[in-house]
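Below is one structure; the comments refer to it alone.
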Amino acid sequence: MPLSLRSSVFLDLVVGVVGTLSFLLDVVADLWAVVQYVLGGRYVWAALVLALLGLSSVQMQLFSWVWLTSDPADLHESKHSRRFLALLHLLQLGYLYRCLQGLQQVLLMWQQELPSESDMAYADFLSLDISMLRLFENFLESTPQLTLVLAIVLQSGSAEYYQWFGISSSFLGISWALLDYHRALRACLPSKPRLGWSSSAVYFLWNLLLLGPRILAVALFSALFPYYVALHFLSLWLVLLFWVWLQGTKFMPNSRSEWLYRVTVAIILYFSWFNVAGGRTRGRSVIHLVFILSDSVLLTSTWVTRSTWLPSGTFLQMWLIVGGVCFLLGLTLRVIYYLWLHPHCQWEPDQVDGVRSLLPSPRPKPLYNRRATLLARNFFPKVKAEVSLPEIGAGEEVL
Numbered sequence: 002m003p004l005s006l007r008s009s010v011f012l013d014l015v016v017g018v019v020g021t022l023s024f025l026l027d028v029v030a031d032l033w034a035v036v037q038y039v040l041g042g043r044y045v046w047a048a049l050v051l052a053l054l055g056l057s058s059v060q061m062q063l064f065s066w067v068w069l070t071s072d073p074a075d076l077h078e079s080k081h082s083r084r085f086l087a088l089l090h091l092l093q094l095g096y097l098y099r100c101l102q103g104l105q106q107v108l109l110m111w112q113q114e115l116p117s118e119s120d121m122a123y124a125d126f127l128s129l130d131i132s133m134l135r136l137f138e139n140f141l142e143s144t145p146q147l148t149l150v151l152a153i154v155l156q157s158g159s160a161e162y163y164q165w166f167g168i169s170s171s172f173l174g175i176s177w178a179l180l181d182y183h184r185a186l187r188a189c190l191p192s193k194p195r196l197g198w199s200s201s202a203v204y205f206l207w208n209l210l211l212l213g214p215r216i217l218a219v220a221l222f223s224a225l226f227p228y229y230v231a232l233h234f235l236s237l238w239l240v241l242l243f244w245v246w247l248q249g250t251k252f253m254p255n256s257r258s259e260w261l262y263r264v265t266v267a268i269i270l271y272f273s274w275f276n277v278a279g280g281r282t283r284g285r286s287v288i289h290l291v292f293i294l295s296d297s298v299l300l301t302s303t304w305v306t307r308s309t310w311l312p313s314g315t316f317l318q319m320w321l322i323v324g325g326v327c328f329l330l331g332l333t334l335r336v337i338y339y340l341w342l343h344p345h346c347q348w349e350p351d352q353v354d355g356v357r358s359l360l361p362s363p364r365p366k367p368l369y370n371r372r373a374t375l376l377a378r379n380f381f382p383k384v385k386a387e388v389s390l391p392e393i394g395a396g397e398e399v400l
């Protein structure tokens, strides 16, 4: 196997192992927190953590099952029957099964002297689904739970070691999931341009710095007004759900499962930008940024009118300054990224970023992931106009 190909396969193996272990570690950390809350007599906190964990797991298993059943019957050459796979998803093990399936495919490639194009394409197909599921899992479970833990810490004025560990790992895990998802979308392009180290670092940082103040704003509001945060979330979620519906998304294989996708995207938009439709995305992203910023400012105004001190006695102005600095720095890095490091830009990327030509490859890949390719077309509108991707209908994964 050529050295460059072996390095790429090894990197895929490392990413798969780390992603699977991080998922298991996150589940263990959540259950550990539940046990600690129960032992401390904080039954409401324990119930909230369990509810977030259970609801996010069910939703993620539904995505996995719908995608699995909508794929062509001969695509996944699995030794397991459909009934067995249904049982795995019912037991909330569908995502873990997909992670292990992806690792098995990469290990198969590692053992080959020269992996075939079909094996490499199938490995990409599996990794794209896993990347999307990981992103959904982080925004359905990790982000709301991170907001809950921050609210608990701010209200009580103290944090246990397991809470600090959960806060740190959740922030990094969410930002990494966004970066991994962005890199996966770029893999759908014919030339497969990869993000370099500098582009990856900037993309990771601006997502982290913009996501942090939003989560902090909601957490502070929850600490001051714990009985109104659910009403606030529901109100904004309905507005965002209506906005997603207006864009006419066509991501899932049928109309019923499409609403599952729209509900999930509306939750993601409550915290971070997520593109769901084709065309120029700059206008929609600016509208979303202004909307979320206005809501955060409104929440901040509510805190100031109530008190400058948190229930724990912590000075509120300190957190406002930290959130404002993080937002401005994240917005600056986002502008830098889209001006010089994004594949849309008119500037010539430097060789350090490792961005290759966006011209189509001589031969098309034998296998396409319809879901990820559709999102890639939406995310890279200029690339869509410059390169010719095959039209993919519902359920047509093999070309």
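At the far end of the sequence shown sits residue 400, using our numbering, and the numbering has no gaps. Each residue gets a CB set at the ideal place from its N, CA and C atoms; glycine is no exception.
Check	Outcome
Proximity of Ile216 and Leu141 at Cβ, strictly below 8 Å	no
Residue range of the unbroken alpha helix (DSSP H) whose run includes Phe243	Val230 to Leu247
Outcome for Val460 when other beta-carbon atoms lying within 10 angstroms are tallied against a minimum of 16	Past the edges of the chain, shown from 2 to 400, lies residue 460, and the structure says nothing about it.
Residues near Leu134 by beta carbon distance below 8 Å, same chain, minus five either side	Met61, Phe64, Ser65, Tyr96 and Arg99
Start-to-end residues for the alpha helix (DSSP H) that takes in Tyr262	Ser256 to Phe272
Endpoints, the alpha helix (DSSP H) within which Glu142 is located	Per DSSP, Glu142 belongs to no alpha helix (DSSP H) and is neither H nor E.
Any 3 or more C-beta pairs closer than 8 Å across the stretch 240-260 and the stretch 180-189	no
For Gln93, the three-state DSSP class (helix, strand or coil)	coil
Of the listed residues Gly174, Arg84 and Ser128, nearest to Ser374 (C-alpha basis)	A quick correction: the sequence has Thr, not Ser, at residue 374. When each option's Cα is compared against that of Thr374, the closest is Ser128.
Rounded separation between Gln33 and Ser58 - CA only	A quick correction: the sequence has Trp, not Gln, at residue 33. C-alpha separation (whole angstroms): 17 Å.
For Gly20, three-class secondary structure by DSSP	helix
Met253 - containing alpha helix (DSSP H), residue span	Careful: Met253 lies outside any alpha helix (DSSP H) and carries neither H nor E.
For Leu242 and Val277, believed in contact at Cβ under 8 Å, the rounded distance	The Cβ separation is near 11 Å, so there is no contact.
Neighbour flag for Gly41 against chain C, beta carbons, 8 Å	Given the protein chain composition of this structure (a single chain), no chain C is represented.
Distance between Arg7 and Val240 (C-alpha atoms, nearest Å)	47 Å
Beta-carbon gap between Leu151 and Ala178 smaller than 8 Å	no
Euclidean distance between Cα positions of Pro145 and Leu115	44 Å
8 Å Cβ cutoff met for Leu329 and Thr301	no
Helix, strand or coil at Asp75 according to DSSP, with G and I counted as helix	coil
Where Val36 falls, given that 16 or more other Cβ within 10 Å makes a residue buried	exposed
Assigned exposure category for Asp354 - 16 Cβ within 10 Å defines buried	Residue placement at Asp354 is poorly supported in this model, since its pLDDT is 28, which falls under 50; the coordinates are not used for a value here.
Minimum C-alpha distance to Ala202 - residue among Gly42, Leu12, Gly103 and Ile337	Ile337
Residue burial classification, Met319 (beta-carbon count within 10 angstroms, cutoff 16)	exposed
CB contact flag (Phe275, Val266, <8 Å)	yes
Contact under 8 Å by Cβ, Met110 with Ala124	yes
Counted within 10 angstroms of its Cβ, other Cβ atoms place Val245 as buried (16 or more) or exposed	buried
Assigned exposure category for Phe68 - 16 Cβ within 10 Å defines buried	According to the sequence shown, residue 68 is Trp rather than Phe. Trp68 is buried by the Cβ-count criterion.
Inter-residue Cα distance where the pair is Thr333 and Cys327	10 Å
Buried versus exposed call for Trp46 [16 or more other C-beta atoms within 10 Å across all chains shown]	buried
Pro116, DSSP secondary structure in three states	coil
Reduced DSSP secondary structure (H/G/I, E/B, other) of Ser57	helix
Helix, strand or coil at Ser176 according to DSSP, with G and I counted as helix	helix
Arg285 versus Ser223 - alpha carbon distance	28 Å
From Ser157, Ser143, Ser176 and Gly158, residue whose alpha carbon lies closest to that of Gly167	Ser143
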